[in-house]
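Colleague: Before I ask anything, here is the structure I am working with.
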Amino acid sequence: NAMLSWQRTAFHFQPEKNWMNDPNGPLYYKGWYHLFYQWNPHGAVWGNISWGHAVSRDLIHWLHLPPAMVPDHWYDINGVWSGSATQLPDGRIVMLYTGSTEDGVQVQLLAEPADPSDPLLRCWVKSESNPILVPPPGIGLTDFRDPTTAWLNPTDKAWRIAIGSKDQEHAGLALVYRTKDFVRYDPLPTLMRVVSGTGMWECVDFYPVAFDPAASGEVGLDTSVPPGPGVKHVLKTSLDDDRHDYYAIGTYDAETDRWTPDDEAIDVGIGLRYDYGKFYASKTFYDPVRRRRVLWGWIGESDSERVDILKGWSSLQSIPRSVLMDTKTGSNLLQWPVVEVENLRMRGKHFDGLAVQPGSVVPLDVGKATQLDIEAVFHVDVDASAAGAGSVVGADASSYNCSASAGASGRGLLGPFGLLVLADEGLSEQTAVYFYLVKGADGKLSTHFCQDAFRSSKANDLVKPVYGSSVPVLDGEDLSVRILVDHSIVESFAQGGRTCITSRVYPTKAIYDNARVFLFNNATSVNVTAKSIKIWELNSAYIRPYSNSL
Ligand code: DQQ
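Note that UniProt numbering has the sequence shown beginning at 111, numbered continuously upward.
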């Protein structure tokens, strides 16, 4: 179906056709990265949920494989839902996932590779012991899903898994279970974490991060690395109520299996988000080869279901992102496209020291602009601006809100400025990626990072929001952003990945050779210098169909 074929992405993972949602059970095995995903074999809308499967040598180029699991038992006939992989010290792989039973009850299930000698892990056997867990007393029959990767508890050397749920007062929570053999599980008396008002927790993820730069600050950690000096634990939940992924950094107490956030005000579900745009039901895994933790997230569409059915497909996976503790701020994670993306870089253009005057738009001649990797560094001369000279903008610098703002056309003293991507020559279509600085009455500057899709497309029946949040900027730092453009997705990372935004956009004119890139400064009174702009055209990834001859 050639319908709207320019919206297909070239280096983001997509199935050949139909609906996809959550990434499932990512793992590395015998030379291959495996990605499983929630997939509908029969259409471009959610339903008939099975596990699609693909493998890669480098997280970028993929080979599609036959579905790993389909609904074929009473316990998962209404859907083979989300789950996670655990690799045991002896190399064995266990896959835990949720089944929706013939009665629509959510139960936990175990599957293992039928042939561990097959590096592609094409066949999976569901355990004779299934279901291995059913909803415990006090938990709703449809509020019990998405088991995590297991970790070893150092106090009793037994495994733990967490499962998301909610209580009768609408508090979101994570239950913890103990197991030695992955067949029998003991519920633990305490909850790992409860946060009132957050509702159902989907796709809980739990993992250690290194926060001591002197120790191992630059590497990811295996899920079973115990709490101790230099280690913090991240808890992530996907809130069914608002469809966003929230994380918090805190401390895991192995004696009680409780997790406590560093700062109660930014607890999981109420504080930081992985991404302030379209990004949900994400999951990390530990890559033992490159010793890093890699994050995948489901990126849905922002068009209508009707159009998805016409196109015959719906949803992408994010670019796999490496995840590290930000040791400079000590309070947030850093997400960054895995380094292998850079192998797709072709012709690059560099622009240095471009002055972007208030109220101006500067075209950047880069040739083809539908598949790009952009790295931009801006220097802003706040002291020389009207705001710097003393005038105060707004009583509270933190009150600016990208989503409630007028977007890139709303002018302030110190913003917005940044880039326009997927823009046509006449700027009738454009997606703006920008910074907006605000100086409060206290003289403090706050930096907001936003992405505006208001003018991204002339088409109707689309959601075109302004997304964004604040981003920490430390003394002496310039403002920097990395942007990946891939036909119908703009995925951006500010200040090294402290704040990330993903938008789905569907230009009708800024397509093929008509897509352009511009710098803009729509602030009224600040000079912005684009210190360094590097733009590479990105090659397409090979994402190949399965052949039975393999
Ligand atoms: N998607 C799965 C569930 C999960 C939800 C079903 C999150 O297991 O809770 O497709 O998007």
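In this text, a Cβ means the ideal position worked out from N, Cα and C, and glycines have one as well.
Between the Cα of D588 and those of T557, L572, G578, spot the shortest distance and give me the residue it belongs to.
Modeller: Minimum Cα distance to D588 is reached at T557.
Colleague: Taking contact to mean at least 3 C-beta pairs separated by less than 8 Å, is the segment 434-446 in contact with the segment 180-189?
Modeller: no
Colleague: Got a sec, what are the start and stop residues for the alpha helix (DSSP H) E647 sits in?
Modeller: It is not in any alpha helix (DSSP H) - E647 instead sits in the beta strand (DSSP E) that spans 638-648.
Colleague: Here's the rule I'm using: 16 or more other beta-carbon atoms within 10 Å means buried, otherwise exposed. How should V293 be labelled?
Modeller: exposed
Colleague: What is the residue span of the beta strand (DSSP E) that K342 lies within?
Modeller: 341-349
Colleague: Do you know whose CA, among L464, K574, V490, lies nearest G517's CA?
Modeller: Ranking L464, K574, V490 by Cα distance to G517 puts K574 first.
Colleague: Using the beta-carbon count (16 or more within 10 Å), is S650 buried or exposed?
Modeller: Answer is exposed; the Cβ neighbour count stays below 16.
Colleague: From W161, D534, V548, pick the residue whose C-alpha is nearest to that of A625; which is it?
Modeller: D534
Colleague: Roughly how many angstroms lie between the CA atoms of S348 and A494, to the nearest whole one?
Modeller: 43 Å
Colleague: Given 8 Å as the limit, is there contact between the segment 626-643 and the segment 149-165, that is, 3 or more CB pairs closer than that?
Modeller: no
Colleague: Entirely within the segment 368-412 and at least 3 residues each: give me those beta strand (DSSP E) ranges in chain order.
Modeller: Listed in chain order, the complete beta strand (DSSP E) runs (minimum 3 residues) inside the segment 368-412 are 368-371, 390-397, 402-409.
Colleague: Just to confirm, is the Cβ distance from P229 to W142 under 7 Å?
Modeller: Between P229 and W142, the gap from beta carbon to beta carbon is short of 7 Å.
Colleague: What residues in its chain sit with their C-beta under 8 Å from that of E312, if we drop five residues either side in the sequence?
Modeller: S192, R255, D256, G274, T347, S348, L349, D350, A391
Colleague: Note down, in chain order, each residue of its chain lying with its Cβ closer than 6 Å to the Cβ of M113, except the 5 sequence neighbours on either side.
Modeller: L420, K421
Colleague: Are there any heavy atoms of the ligand DQQ lying less than 6 Å away from the beta-carbon of T208, as far as the coordinates show?
Modeller: yes
Colleague: With which residues is Y287 paired in a DSSP beta bridge?
Modeller: In the DSSP output, where bridge partners are listed per residue, Y287 has I271, P297.
Colleague: Could you please give the first and the last residue of the uninterrupted alpha helix (DSSP H) stretch that includes I419?
Modeller: Note, I419: alpha helix (DSSP H), 415-421.
Colleague: Hey, would you say the C-beta of A391 is under 6 Å away from at least one heavy atom of the ligand DQQ?
Modeller: yes
Colleague: Could you name the residues of the same chain whose beta carbon sits closer than 6 Å to that of H489, not counting the 5 residues immediately before and after it, in chain order?
Modeller: If you ignore the 5 residues before and after H489, its C-beta comes within less than 6 Å of the C-beta of D588, T639, K641, all in its own chain and listed in chain order.
Colleague: Can you name, in chain order, every residue of its own chain whose Cβ lies under 6 Å from the Cβ of S306, other than the five neighbours on each side?
Modeller: A281
Colleague: Do F389 and G407 have their C-beta atoms closer together than 7 Å?
Modeller: yes
Colleague: Check S513 in the structure and name its three-state DSSP category.
Modeller: helix
Colleague: Using three-state DSSP, classify P575 as helix, strand or coil.
Modeller: coil
Colleague: Give the DSSP-derived three-state secondary structure of residue 84 in the structure shown.
Modeller: Residue 84 is absent from the model: the chain starts at 111 and stops at 660.
Colleague: Which residues in the same chain have their Cβ closer than 6 Å to the Cβ of I621, if we skip the five residues on either side of it in sequence?
Modeller: W116
Colleague: Mind listing, in chain order, the continuous alpha helix (DSSP H) runs of no fewer than 4 residues lying wholly within the segment 512-569?
Modeller: Every candidate alpha helix (DSSP H) stretch fails here, since none sits fully inside the segment 512-569 while reaching 4 residues.
Colleague: Could you check what DSSP says for E452 in three-state terms: helix, strand or coil?
Modeller: helix
Colleague: Decide if S501 is buried, meaning its Cβ has at least 16 other Cβ atoms within 10 Å, or exposed.
Modeller: Only weak support is given to the placement of S501: the predicted model assigns it a pLDDT of 48, under 50, and the question is left unresolved by the model.
Colleague: If the criterion is Cβ atoms closer than 7 Å, does the pair F603 and G578 meet it?
Modeller: no
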